[in-house]
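One gets the working numbering by counting positions in the sequence shown from 1 and adding 3 to each. Ideal placement from N, C-alpha and C gives every residue a C-beta, glycine not left out. Here is the structure we will look at.
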Amino acid sequence: MSPSSSPQVDKSQIERIVRAAVEREAVVDMHTHLYPPTFGTTLAGKSGKSDPSGMLLWGIDELLTYHYLVAEVYRVVPAHKLPYEQFWKMSKRQQADHIWKNLFIERAPISEACRGVLTTIQKLGLDPSDPTPDGWRKWFDQQDPSDYIDRVMKVSNVKSITMTNAVFDDNERERWNSNLRVGSDPRFTAVLRIDPLLRDWPTAAKKLSSWGYAADEKLGASSIESAKKFLRDWLDKMKAVYIAVSLPPEFRYPADPNDAIARAGQAVLEQVILPVCAERNLPFAMMIGSKLRVNPQLRDGGDMVGKADVQSVVGLCRAFSGNRFFCTMLARENQHELCVAARKFGNLMVFGCWWFVNNPSLIEEITRMRIELLGTSFIPQHSDARVLDQLIYKWEHSRQIIAKVLIDKFGEMAGTGRTPSQQQMEETVRLMLGGNFENFLKGS
Ligand code: HDL
Ligand code: ZN
Numbered sequence: 004m005s006p007s008s009s010p011q012v013d014k015s016q017i018e019r020i021v022r023a024a025v026e027r028e029a030v031v032d033m034h035t036h037l038y039p040p041t042f043g044t045t046l047a048g049k050s051g052k053s054d055p056s057g058m059l060l061w062g063i064d065e066l067l068t069y070h071y072l073v074a075e076v077y078r079v080v081p082a083h084k085l086p087y088e089q090f091w092k093m094s095k096r097q098q099a100d101h102i103w104k105n106l107f108i109e110r111a112p113i114s115e116a117c118r119g120v121l122t123t124i125q126k127l128g129l130d131p132s133d134p135t136p137d138g139w140r141k142w143f144d145q146q147d148p149s150d151y152i153d154r155v156m157k158v159s160n161v162k163s164i165t166m167t168n169a170v171f172d173d174n175e176r177e178r179w180n181s182n183l184r185v186g187s188d189p190r191f192t193a194v195l196r197i198d199p200l201l202r203d204w205p206t207a208a209k210k211l212s213s214w215g216y217a218a219d220e221k222l223g224a225s226s227i228e229s230a231k232k233f234l235r236d237w238l239d240k241m242k243a244v245y246i247a248v249s250l251p252p253e254f255r256y257p258a259d260p261n262d263a264i265a266r267a268g269q270a271v272l273e274q275v276i277l278p279v280c281a282e283r284n285l286p287f288a289m290m291i292g293s294k295l296r297v298n299p300q301l302r303d304g305g306d307m308v309g310k311a312d313v314q315s316v317v318g319l320c321r322a323f324s325g326n327r328f329f330c331t332m333l334a335r336e337n338q339h340e341l342c343v344a345a346r347k348f349g350n351l352m353v354f355g356c357w358w359f360v361n362n363p364s365l366i367e368e369i370t371r372m373r374i375e376l377l378g379t380s381f382i383p384q385h386s387d388a389r390v391l392d393q394l395i396y397k398w399e400h401s402r403q404i405i406a407k408v409l410i411d412k413f414g415e416m417a418g419t420g421r422t423p424s425q426q427q428m429e430e431t432v433r434l435m436l437g438g439n440f441e442n443f444l445k446g447s
């Protein structure tokens, strides 16, 4: 029976049905920086094995030293009071205690990143009103990392975690090269992240050559073939479900003819990346608007946003109508135009409220606009979690907002005299929390 033919419900039931569906629907999280314990973990927990360059970050000290909070603490204890180098020399625990003292005790922890730590602690059944993180630390020390992943996925109701596997990152690449099974945890799927290939071809070409994929700056036919083989080999090693890149606000397609690096990036896009994606039936994800290291001393917290060019995305969707594109943009100012672009191209799937627009006021604004312009054909959120436990707060906070907007929108539908059926509302939630992502991966 099609969803619209099942019995209709009255407006008072809409809230109950939508809240239950949003709570119950397990999420497929399409973009995170999370990894299984096979990638090494900075906190041993019960496993007893910690790895200082481990890629699985979890526990209260990682939560408190999330780069969003490092940036925020430097607003209240500026560098002339605590020089950056001195902060970076501190232990993770000392950094966490500094952040706890200044952002959670001496000031009200009401920013989204601060609130997130408290939501996570609360949903784990710990007491967010504890005066220090010490009791929580003891609790985390008793967790086994792999069992804890199951626990976090259960609490956050996330059924699949999509990684970001940056092949040009030495730590990441060497872990794959030393043990291909590193990515075999069924709770995780891989994504081949290739920023340098597009953002700095000359440097990338040298690295490809050193890895046995002979390539040179001129990007002749043999270099093109090498780069395609490089992508194919890593797609196979990782069993990656899409290829991804983060691009600066200055990204343009077609590229500025006077900018050699940008022109090389365009050639890599047109002659390497998009042909391989097409032959493998894989989407290409563009995350556009990140200005890297505007304050390098904040390290990962030192990036910021810039207004990007949506017409470049339009140009790619039109020129490569056989390819599928995921796209999210970092600037609030780009959201409406990107939404309208998605109305023009079925091969463009808009996703998430990324990074600096991943805040309740903007998630609500953007989700309302997307439903009004795109109906049910977009992906409202990804967590972008860097610390495993963040799945709990990022999805708790977003589910509340997605439910609120859907209740309003189904209520407005009912106001026309055509009331949504329970099945229609539940199908919409299924599409938004995972179905649209999985369908777009398949090209269905
Ligand atoms: O490039 C990206 O994938 C961004 O999400 C960055 O990782 C950024 O530092 C981040 O963590 N945003 O939440
Ligand atoms: Zn990210």
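Boundaries (first-last residue) of the alpha helix (DSSP H) holding residue i
| i | result |
| --- | --- |
| A24 | 14 to 27 |
| C356 | Segment: none, C356 is in no alpha helix (DSSP H) and carries neither H nor E. |
| M487 | Outside the shown range of the chain, which is 4 to 447, sits residue 487, and nothing can be said about it. |
| V275 | Element bounds for V275: n/a, residue is neither H nor E. |
| T431 | 425 to 433 |
| L313 | Before going further, note that residue 313 is Val rather than Leu in the sequence given. That run of the alpha helix (DSSP H) goes 313 to 322. |
| V30 | Element bounds for V30: not the alpha helix (DSSP H) but the beta strand (DSSP E), 30 to 32. |
| N442 | 439 to 445 |
| E399 | 393 to 417 |
| R140 | 137 to 144 |
| S212 | 204 to 213 |
| W179 | 173 to 181 |
| E336 | Looking at the DSSP string, E336 is not in any alpha helix (DSSP H), and its letter there is neither H nor E. |
| P99 | The amino acid occupying residue 99 in the given sequence is Ala; Pro does not appear at that position. A99 -> alpha helix (DSSP H) spans 95 to 102. |
| A116 | 115 to 126 |
Top-ranked residue by Cα proximity to residue i, from the options
| i | options | result |
| --- | --- | --- |
| K157 | E415, Q393, K412 | Q393 |
| L60 | E75, P40, G51, V79 | P40 |
| I382 | P363, R118, L434 | L434 |
| D137 | W103, S149, S159, N168 | W103 |
| L289 | V317, K397, Y87 | Here residue 289 turns out to be Met, not Leu, going by the sequence shown. It is V317. |
| S114 | K126, Q425, Y71, M332 | Y71 |
| G268 | F254, V279, P278, E26 | F254 |
| G43 | P278, T35, P55 | P55 |
| I17 | K209, T431, F440, G414 | G414 |
| A24 | G418, T379, F90, L409 | L409 |
| E367 | C342, K141, I404 | I404 |
| R302 | W91, M58, G48 | W91 |
| W357 | V21, H34, G57 | H34 |
| A169 | V271, T331, A243 | A243 |
| V353 | Q338, R27, A230 | Q338 |
| N361 | A207, R321, R402, F323 | R402 |
| S447 | L285, S213, A74, K210 | L285 |
| D13 | G437, F440, L444, Q425 | Q425 |
| T1 | T431, S149, V313 | The question about residue 1 has no answer, for the chain in this structure spans 4 to 447. |
| I164 | R140, N174, T192, I374 | T192 |
| F233 | L195, P260, A29, A263 | L195 |
| R371 | G349, C342, Y216 | C342 |
| A258 | A217, V248, L272 | L272 |
Cross-strand partners of residue i (DSSP beta bridge)
| i | result |
| --- | --- |
| K294 | M307 |
| M289 | V248, C330 |
| L72 | None; L72 has no bridge partner. |
| N350 | DSSP, once it has assigned bridges, lists no residue as partnering N350. |
| L59 | T44 |
| R389 | Its beta-bridge partners do not exist; DSSP assigns none. |
| Q89 | Its beta-bridge partners do not exist; DSSP assigns none. |
| N168 | L195 |
| I382 | F354 |
| Q11 | S424 |
Cβ-heavy atom distance, residue i to ligand 1, below 7 angstroms
| i | result |
| --- | --- |
| M290 | yes |
| W358 | yes |
| S293 | yes |
| S249 | yes |
| D387 | yes |
| D203 | no |
| D133 | no |
| D306 | yes |
| D392 | no |
| D303 | yes |
Start-to-end residues for the beta strand (DSSP E) that takes in residue i
| i | result |
| --- | --- |
| T370 | Not the beta strand (DSSP E): T370 falls in the alpha helix (DSSP H), residues 363 to 377. |
| I164 | 161 to 165 |
heavy atom of ligand 2 below 7 angstroms from residue i C-beta
| i | result |
| --- | --- |
| D188 | no |
| H34 | yes |
| T331 | no |
| T165 | no |
Contact with chain C by residue i, beta-carbon distance below 8 angstroms
| i | result |
| --- | --- |
| G305 | Given the protein chain composition of this structure (a single chain), no chain C is represented. |
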